[in-house]
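Since the structure comes first, as structure tokens, the remarks are kept for the end.
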Amino acid sequence: MSEHSKTDVRVRIGPVEFKNPVFLASGICGYGEEYSPLMDIQKLGGIVTKTITPRPRKGNPPPRIHEIPTGALNSIGLENVGLDAYVAEKLPKLAKEKIDVIVSVAAEHIEEFDSIAETFAPLDGYKGVELNLSCPNVEEKALDHGRNPAFVEKLTRVVKNRLVDKAVLVKITPNVTDIGSVARAAEAGGADGISAINTVLGVDFDLATGKPVFFRGSGGYSGPGILPIALQKVWEVSRAVSIPIMGIGGISSVDDARKFFVAGASAVQIGTSLWQDLELPQRIVSEFEQHPEWMKKGEVKT
Amino acid sequence: MSEHSKTDVRVRIGPVEFKNPVFLASGICGYGEEYSPLMDIQKLGGIVTKTITPRPRKGNPPPRIHEIPTGALNSIGLENVGLDAYVAEKLPKLAKEKIDVIVSVAAEHIEEFDSIAETFAPLDGYKGVELNLSCPNVEEKALDHGRNPAFVEKLTRVVKNRLVDKAVLVKITPNVTDIGSVARAAEAGGADGISAINTVLGVDFDLATGKPVFFRGSGGYSGPGILPIALQKVWEVSRAVSIPIMGIGGISSVDDARKFFVAGASAVQIGTSLWQDLELPQRIVSEFEQHPEWMKKGEVKT
Amino acid sequence: MIGNTHVTVPGSVPPGRFSSKLLEKRDLSDRYYLLVMSRPPAFDDPGPGTFVHLLVPDGGRFFLRRPFSILGCDEATISLLIVEKGTGTQILRRIPEGTELDFIGPLGSSFPQMPGRTVLAVGGGVGLAPLYFYGTRAVRDDCDRYRLLYGARTRDDLFLDSFEWSVEGIAFATDDGSYGFSGNVVELADEELTRAPADVVFSCGPTPMLEALVELARSRGVPHCVSLENRMACGVGACRSCVVPVSIDGAESYRTVCKDGPVFDAEIIVWNELPRV
Amino acid sequence: MIGNTHVTVPGSVPPGRFSSKLLEKRDLSDRYYLLVMSRPPAFDDPGPGTFVHLLVPDGGRFFLRRPFSILGCDEATISLLIVEKGTGTQILRRIPEGTELDFIGPLGSSFPQMPGRTVLAVGGGVGLAPLYFYGTRAVRDDCDRYRLLYGARTRDDLFLDSFEWSVEGIAFATDDGSYGFSGNVVELADEELTRAPADVVFSCGPTPMLEALVELARSRGVPHCVSLENRMACGVGACRSCVVPVSIDGAESYRTVCKDGPVFDAEIIVWNELPRV
Ligand SMILES: Cc1cc2nc3c(=O)[nH]c(=O)nc-3n(C[C@H](O)[C@H](O)[C@H](O)COP(=O)(O)OP(=O)(O)OC[C@H]3O[C@@H](n4cnc5c(N)ncnc54)[C@H](O)[C@@H]3O)c2cc1C
Ligand SMILES: Cc1cc2nc3c(=O)[nH]c(=O)nc-3n(C[C@H](O)[C@H](O)[C@H](O)COP(=O)(O)OP(=O)(O)OC[C@H]3O[C@@H](n4cnc5c(N)ncnc54)[C@H](O)[C@@H]3O)c2cc1C
Ligand SMILES: Cc1cc2nc3c(=O)[nH]c(=O)nc-3n(C[C@H](O)[C@H](O)[C@H](O)COP(=O)(O)O)c2cc1C
Ligand SMILES: Cc1cc2nc3c(=O)[nH]c(=O)nc-3n(C[C@H](O)[C@H](O)[C@H](O)COP(=O)(O)O)c2cc1C
Ligand code: FES
Ligand code: FES
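Protein sequences appear in the order of chains A, B, C and D.
Mapped onto my numbering, the consecutive letters of the first sequence carry residue numbers 162 to 463.
Mapped onto my numbering, the consecutive letters of the second sequence carry residue numbers 162 to 463.
Mapped onto my numbering, the consecutive letters of the third sequence carry residue numbers 189 to 465.
Mapped onto my numbering, the consecutive letters of the fourth sequence carry residue numbers 189 to 465.
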């Protein structure tokens, strides 16, 4: 198919339009620069950069990654350069490369989220923020907060109020009984979209030592093994809210991506599978350009 | 290793002792008779028969099983012969074959559980009951109940009071924020053990029709893909209670089984993997007989 | 409509678990191939209609075994006729001869013996296997006369050059008319029944074909045994995965294809609730 | 202890993603084998110490690529020296020549050029690869003198008969004394440094060996470049999976093995917090 006959696969999330519905997930593509020699990131809908926190974080002791037959467990622990370095060094580079950026942020208190939003409000070079309320690899209360609808609503409102013309997404945890109620809270707080899911809590043990493979014990499970769970959660979310959903979790093929749209998503993010298949994101873009009808949200009626 | 040098791998759950810690999971082995031509079920620790309900249940419309690359989804819907037929036809057969049986039961109301327990109290031919509070494939409130610690405690107490000399296990759902609190409730109610986990909620879509593969939509995810989640939940439960745990979920090798003991289990149940590997349960028994130290519960300190 | 007539189907026998060697693999057409594996001595003499539940030998990547009807079984071998459908049947086609195959069987019910009676068997696609198997044994006086109609898309799927058709009284139909009767095999069956009546109809094949045959057999007042397919897990009646809806004396329930079937009296099946497979 | 001396390590260059053909696979010993693959024209000239991140070609069953140091690279080929460790390296040993291999590279930092200086390189096991590569290039005046000590368990792991050792000034040590120096390669390094001092030590191998070498180099006041291993996911510095603890001017932080390393100044590593791999 020639450049000219490409169909329109743009996707709107709140006040912002993205060129297509395929993104790289937070934590996978660092701050964008690392993958630029290997792929045309500009051609994707965008990237969600590694979650940043108000101050730099050292992260968890290694080992941090563990392969299992159905995916991977990780225990990165939100290592990141911190807000200031991100704004000073990382964001300008991305803007220069014309990569559409969603900034992932996490913090412990609503005040911190507010001050992050305040920092970003006057800035250029990014199209949205994703509030990561769902990282399983940290000690802090952020995860518990992410399970508390009242907190989620308040937090979202505070951030959205400052970032009126940006896409504000809330990334929610699957490790919760009723994901719909958390999503509804985000919507009530003014979120422009929901990102689901983050990794699933999991653990593996090293039989040689009789200990968990990670220093911190449990880790985050990602990759093909979580696909049916991610589809389930996105489907639940789509019945709970009417804002757009970014479907995330276990996508390793074009068909996997399509299933998220059937489940009710309006866009997808690629995580773990990028490690083995660097062409996957672009392949999904191309195939959706050829079949824009696949973007129809929700169950196809037969 | 000769018959004679076999080591002692017995496991005690409440008032009952089982000859070894390897069981077949509920729903996998029907009422026992189906697999007897294919394996020496007598040599296993026991089997948990298909969950029965006060009245027969027709179950969900087919298709009921769906293969995915990391395991299977099912939507059986608790089809079963009902309490009366079970007691009249199924249980006597199992007793005759000298198979150690744990009866899996489910119901909607505490009164029903009570009357099931009353029916079983005077009976012989089984060593325990497993209260299935965790089947995701039914419309009824049972699943919600299984997430409610107060209900779980009360229910367990009612049943245990009637079945003093039997092993009363409570099978809990992984689809809950805090599995530890449900396990603690079961322990407080007098449970002799916890069975964890049941299947994980999941869904898959048929891209040809744009609909879920199952009539009821979601199904229960089992097999290798849920192993890290099952280990995580068992580990959480083992930190919450001190009664024995039956580890269930994704076991497809002897090493997988061992990991449940490291996580804190005292026994394991084999589900989905039996479909491909009919020797797995017996292989686990044999290897544990050669390495009884593997049964040491909890993390091996190095 | 002349009315519904019932027929009794022989039940399943206890199966065994076996490991046997792939002796021969032969492509019959673009989509069809033949697997011949060694017959383990303890493998019970299978009734026509029974099947084996075969593990795709791929390092445990497939969680569910695949069911295949027995096409033939002699003292030394068991043969399967397979059509490439998805990944499992693709991989089976690629494994080298000599590979160990893990299977359980024989599983399920059989087409009934009909001594002294005449049978019209109608097979579509791989639905041929159990009916062909019956045909190769019919010489043993299972029935008085056995006519087998086999319908396929096109001549290529009749593999006339690559397979020794050793069943007497077989007639072919192709959808595109490239060989034999031109048209649907049910139309051919209609003609056959008009030409020479039968005491019972056996059938196996795609659901639309089976449904059409149900109408036909009913309209002629002929009992009808059908072999069904469904997604399976255990294969032995334990997991209740493979059920189909039946109605017996007005009571609706589910029966397993793996143990109560695959061969059923067509009259008990609730056809409009059959799952797509 | 004479004291800690630092050395600067050349940083990594932007990598590419390639598909190339497996040209040759040769077993060198029980556990070791050689993979020679075609060099894609666009593959940058790799520094010794850099590695490729290789997808195990097994239908996507392995989620993480495997990192392997470059043993050699000429215009037409890239060679890897691999020891069978787990399933991935087992499968790589079994794939047929001609298989397409998907990899990214060259990745990571290199051992530094030391013009006019003498280098003592100490390799244990597959840690040989980058040091051997350096050795084959040392003729290009990367340094004045390059002595390579290679330690292995036993004579079989020196694959003297199956590999053309084309590096001058190499000496062998075997743990069981079956060839060359009898004992640990660090003991041999100690003797060598006594016999003839070096300006810098390069090392790659099992962590206990590296730790012993850290002590040795420190006690002689010689700077020390080490190549480390760690579990990797992305291979390009994006995911922060492969970090090792470093301490620079008293400030502790993590550096990635894939991008900041694998070659590090040994003095910045916090050795007692290194992960087991
Ligand atoms: C009793 C019985 C006898 C059969 N006999 C034959 C035979 O003789 N020759 C032959 O070629 N085929 C036969 N089939 C169908 C055969 O089992 C399927 O074509 C095969 O399982 C498809 O596997 P796959 O991996 O290639 O397909 P996929 O579509 O990739 O399989 C996905 C899943 O669906 C299941 N599945 C898909 N189609 C069917 C189906 N039609 N029936 C049951 N399960 C299915 C698979 O087993 C697997 O679990 C029979 C089925 C049954 C139930
Ligand atoms: C920079 C670098 C260079 C290397 N160079 C070589 C080389 O030249 N030759 C060689 O034989 N080996 C080398 N290794 C080690 C090699 O990567 C591992 O032996 C290999 O990944 C093991 O894979 P497996 O599937 O056989 O083992 P498994 O133990 O089954 O692997 C399980 C997981 O652990 C990872 N893993 C296991 N051991 C290691 C290890 N030592 N380092 C990193 N990841 C590991 C695997 O990549 C995989 O993700 C190097 C490692 C690094 C980091
Ligand atoms: C190594 C790694 C690091 C991650 N870091 C983050 C992060 O910083 N912030 C975040 O919101 N999600 C993070 N995630 C979660 C992913 O963005 C994604 O939600 C999850 O991996 C599921 O998608 P996948 O199965 O496609 O990988 C991380 C995942 C992995 C594997
Ligand atoms: C087809 C099928 C039917 C099941 N039926 C029941 C059931 O009736 N009662 C129950 O407690 N669990 C049931 N389960 C759950 C299993 O007992 C087990 O908890 C789960 O499958 C996880 O183990 P696995 O991964 O080893 O299969 C069923 C599972 C499957 C796959
Ligand atoms: S497949 Fe288990 S009952 Fe038929
Ligand atoms: S492997 Fe991703 S940062 Fe090194």
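From the three backbone atoms N, C-alpha and C, an ideal C-beta is built for every residue, glycine too.
Computed from a predicted model, the values in this text were never measured in an experiment.
**Asked** Less than 8 Å between the CB of Ser383(A) and some heavy atom of ligand 3, yes or no?
**Response** Numbered from 1 along the first sequence, position 222 holds the residue referred to as residue 383(A). Yes, ligand 3 has a heavy atom inside 8 Å of this Cβ.
**Message:** Does the beta-carbon of Pro450(D), which I'm using as the reference point, lie nearer than 8 Å to any heavy atom of ligand 2?
**Reply:** Start at 1 with the first residue of the fourth sequence, and residue 450(D) comes out as number 262. Indeed, a heavy atom of ligand 2 lies less than 8 Å from the Cβ.
**Request:** Output the boundary residues of the beta strand (DSSP E) element that contains Asp290(C).
**Result:** Counting from one through the third sequence, the residue named residue 290(C) turns up at place 102. Glu288 to Leu295 is the span of the beta strand (DSSP E), which, as asked, contains Asp290(C).
**Asked** Taking the alpha carbon of Lys332(A) as the point to measure from, which residue in Lys321(A), Leu324(A) and Gly354(A) has its own alpha carbon closest?
**Response** If you number the first sequence from 1, residue 332(A) lands on position 171. Among Lys321(A), Leu324(A) and Gly354(A), the Cα nearest to that of Lys332(A) belongs to Gly354(A).
**Message:** Could you check whether the Cβ of Lys447(D) sits closer than 9 Å to any Cβ belonging to chain A?
**Reply:** Residue mapping note: residue 447(D) aligns to position 259 of the fourth sequence, counting from 1. Yes, its Cβ sits closer than 9 Å to a Cβ of chain A.
**Message:** Along the chain, where does the alpha helix (DSSP H) containing Ala311(A) start, and where does it finish?
**Reply:** Here the question's residue 311(A) lines up with position 150 in the first sequence. Start and end: Pro310 to Arg323.
**Message:** Quick check: is the beta carbon of Asn181(A) nearer than 9 Å to any beta carbon in chain D?
**Reply:** Counted from its first residue, the first sequence places residue 181(A) at position 20. Judged by the 9 Å Cβ criterion, Asn181(A) is not in contact with chain D.
**Prompt:** Are the C-beta of Lys462(A) and some C-beta of chain B separated by less than 9 Å?
**Reply:** On the first sequence, residue 462(A) is found 301 positions in, with the first residue counted as 1. Legend: pLDDT at Lys462(A) = 42, less than 50; position of this residue unreliable, value from coordinates given subsequently. Chain B contact via Cβ: present.
**Request:** Helix, strand or coil for Pro303(C), going by three-state DSSP, please let me know.
**Result:** Position 115 of the third sequence, counted from the first residue, corresponds to residue 303(C). Three-state DSSP puts Pro303(C) in a strand.
**Item:** Tyr367(C) versus Ala340(C): straight-line alpha-carbon distance, rounded
**Value:** On the third sequence, position 179 is the one that residue 367(C) refers to. On the third sequence, position 152 is the one that residue 340(C) refers to. Taking the straight line from one Cα to the other gives about 10 Å.
**Message:** Is Arg184(C) a contact residue of ligand 4, with contact defined as CB to any heavy atom under 8 Å?
**Reply:** Missing from the structure shown is residue 184(C); chain C here goes from 189 to 465 and no further.
**Request:** Please name the residue in Phe452(C), Arg464(C) and Cys446(C) whose C-alpha comes closest to that of Pro202(C).
**Result:** If you number the third sequence from 1, residue 202(C) lands on position 14. The candidate whose alpha carbon is nearest that of Pro202(C) is Cys446(C).
**Message:** Can you pull out the residues from the segment 432-449 of chain A whose beta carbon lies closer than 7 Å to at least one beta carbon of chain D?
**Reply:** Thr433, Trp436, Gln437 and Leu439
**Asked** Quick one: Cα of Gly384(A) to Cα of Ser414(A), how far?
**Response** Position 223 of the first sequence holds residue 384(A). Position 253 of the first sequence holds residue 414(A). So the alpha carbons of these two residues sit roughly 11 Å apart.
**Asked** Any residues in the segment 381-393 of chain A with a beta carbon nearer than 8 Å to a beta carbon of chain B? Which ones, in chain order?
**Response** Tyr382, Pro385, Gly386, Ile387, Leu388, Pro389, Ile390, Leu392 and Gln393
**7 Å CB neighbourhood of Glu380(C) in its chain, flanking five on each side removed** = Mapped onto the third sequence, residue 380(C) falls at position 192. Excluding residues within five positions, the ones whose Cβ falls inside 7 Å are Leu308, Arg335 and Leu337.
**Item:** Buried versus exposed, by CB contacts within 10 Å (16 or more), Glu195(A)
**Value:** Numbered from 1 along the first sequence, position 34 holds the residue referred to as residue 195(A). It is buried - the Cβ of Glu195(A) has at least 16 other Cβ atoms within 10 Å.
**Asked** Comparing the C-beta of Arg227(D) with each C-beta of chain A, is any distance below 9 Å?
**Response** By one-based count along the fourth sequence, residue 227(D) stands at place 39. Not closer than 9 Å to any Cβ of chain A, the Cβ of Arg227(D) fails to qualify, so no.
**Prompt:** Just reading off the beta strand (DSSP E) that Pro255(C) is part of, what are its end residues?
**Reply:** Counted from its first residue, the third sequence places residue 255(C) at position 67. Start and end: Arg254 to Ser257.
**Asked** Can Met132(C) be considered in contact with ligand 5, in the sense that its beta carbon sits closer than 8 Å to one or more heavy atoms?
**Response** Outside the modelled stretch of chain C, which goes from 189 to 465, sits residue 132(C), for which no answer is possible.
**Prompt:** Taking the C-alpha atoms as reference points, what is the distance between Lys394(B) and Cys427(C)?
**Reply:** Here residue 394(B) is taken as the residue at index 233 of the second sequence, counted from 1. Here residue 427(C) is taken as the residue at index 239 of the third sequence, counted from 1. For Lys394(B) and Cys427(C), the distance between alpha carbons rounds to 25 Å.
**Item:** Reduced DSSP secondary structure (H/G/I, E/B, other) of Phe422(A)
**Value:** Reading the first sequence from its first residue, position 261 is the one you call residue 422(A). Helix.
**Request:** Go to Asp275(A), then tell me how far its alpha helix (DSSP H) extends in each direction, as first and last residue.
**Result:** In the first sequence, residue 275(A) corresponds to position 114, counting from 1. Its alpha helix (DSSP H) spans residues Ile271 to Phe281.
**Under 8 Å from the C-beta of Phe226(A): neighbouring residues of chain D** = Against the first sequence, residue 226(A) aligns to sequence position 65. Here residue 226(A) is Ile; the residue named in the question, Phe, does not match the sequence. Leu252, Arg419, Met420, Ala421, Cys427, Ser429 and Cys430, listed in chain order.
**Asked** beta strand (DSSP E) containing Ser342(A): first to last residue?
**Response** As a first step, residue 342(A) must be located in the first sequence, where it is residue number 181. Premise fails: Ser342(A) lies in the alpha helix (DSSP H), Ile340 to Ala349, not in any beta strand (DSSP E).
**Asked** Who are Asp367(A)'s beta bridge partners in DSSP?
**Response** On the first sequence, position 206 is the one that residue 367(A) refers to. BP columns for Asp367(A) point to Lys372(A).
**Message:** Can you give me the C-alpha to C-alpha distance between Val242(A) and Thr280(A), rounded to a whole angstrom?
**Reply:** In the first sequence, residue 242(A) corresponds to position 81, counting from 1. In the first sequence, residue 280(A) corresponds to position 119, counting from 1. One C-alpha to the other measures close to 16 Å.
**Message:** Let's see if you can read the secondary structure: which residues bound the alpha helix (DSSP H) around Asp246(C)?
**Reply:** Stepping through the third sequence from its first residue, residue 246(C) is reached at position 58. Here Asp246(C) belongs to no alpha helix (DSSP H), and DSSP marks it neither H nor E.
**Asked** What residues come near ligand 2, if near means a beta carbon less than 5 Å from any of its heavy atoms?
**Response** Glu228(A), Phe239(D), Leu252(D), Arg254(D), Pro255(D), Phe256(D), Ser257(D), Ile270(D), Val271(D), Lys273(D), Gly274(D), Thr275(D), Gly276(D), Thr277(D), Val314(D), Ala317(D), Glu417(D), Arg419(D), Pro450(D) and Val465(D)
**Request:** For Lys420(A), decide whether its Cβ has a neighbour in chain B, counting only Cβ atoms nearer than 9 Å.
**Result:** Residue 420(A) sits at position 259 when you count from the first residue of the first sequence. Taking Cβ atoms only, chain B reaches closer than 9 Å to Lys420(A), which makes this a yes.
**Message:** Rounding to the nearest angstrom, what Cα-Cα distance links Arg254(C) and Pro284(D) in this structure?
**Reply:** Here residue 254(C) refers to the residue found at position 66 when the third sequence is read from its first residue. Here residue 284(D) refers to the residue found at position 96 when the fourth sequence is read from its first residue. Approximately 29 Å, taken between the alpha carbons.
**Message:** So within the segment 175-219 of chain B, which uninterrupted beta strand (DSSP E) runs reach at least 3 residues, ignoring any that extend past its ends?
**Reply:** 177-179, 183-185 and 207-209
**Request:** Please confirm if the segment 397-409 of chain D is in contact with the segment 205-216 of chain D, defined as three or more CB-CB distances below 8 Å between the two stretches.
**Result:** no
**Request:** Give the DSSP-derived three-state secondary structure of Arg489(C) in the structure shown.
**Result:** Nothing can be reported for residue 489(C): it is not among the residues displayed for chain C, which extend from 189 to 465.
**Item:** the segment 386-402 of chain C in contact with the segment 437-456 of chain B per 3-pair CB rule at 8 Å
**Value:** no
**Message:** ligand 3 and Ser187(A): does the residue's C-beta get closer than 8 Å to at least one heavy atom of that ligand?
**Reply:** Counting from 1 along the first sequence, the entry for residue 187(A) is found at position 26. Within the cutoff, so yes.
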